[in-house]
Amino acid sequence: MIVRAFAMFALVYLLGFLWFAAALPQPVEGGRTDAVVVPTGGPGRIDRGLAILEDGAAREMLVTGVDREVKTREFVALYKVPPATMECCVTLGFAAVDTRSNADETATWVKEREYKSLRLVTTDWHMRRAAVELARSLPDDITILRDAVPSRPRLGILFLEYNKLLAAAVAQVVTD
């Protein structure tokens, strides 16, 4: 009986991983939200967020998880952000150090601004867990549009992220 239960668990785990790896979230074209939120950590994320802002698909952008050593002028120079755009529309968040604290930092920022919709921009392999953590931190009436940045992740990254997603999902169930 224990062997069958373990085999069933292993099969479900493996099928879940195959789904996770084969059906990575995709970019979203179109759609307007109050704001765009970009957790740091992967190539193309900030560029995608700035493009959404520039296209007028969001009014404001939060870059969450910015290293405390980064200066605003360095960010502006690296991403070629016009000063007027930086002043009106881009917030650098320095409080977060991981995905969970990215979500908490975002929730505080959204509450201060009374936004009702967000576009989450993160790497395809990171999207599901980031969205779970963000949904955990935000009120239920906030709409989250998932906009994934395509990547070519290694198998090890996928495996690690799948396990982190499972842990986040379990934590969500336990706390509810």
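Numbering-wise, the sequence shown is residues -2 to 173 according to my numbering.
The C-beta atom is built at its ideal place from N, Cα and C for all residues, glycine as well.
Values in this document were obtained by computation on a predicted structure and should not be read as measured data.
query	result
9 Å Cβ cutoff met for residue 115 and residue 107	yes
Alpha-carbon to alpha-carbon, residue 15 and residue 47	32 Å
CB contact flag (residue 164, residue 143, <9 Å)	no
Host beta strand (DSSP E) of residue 116 (start-end)	114 to 120
Limits of the unbroken alpha helix (DSSP H) element including residue 80	80 to 86
Simplified DSSP assignment, three categories, for residue 60	strand
Residue interval of the beta strand (DSSP E) (run including residue 35)	32 to 36
Contact set for residue 120: own chain, Cβ-Cβ below 6 Å, skip 5 residues either direction	39, 146 and 148
Contact under 9 Å by Cβ, residue 61 with residue 102	yes
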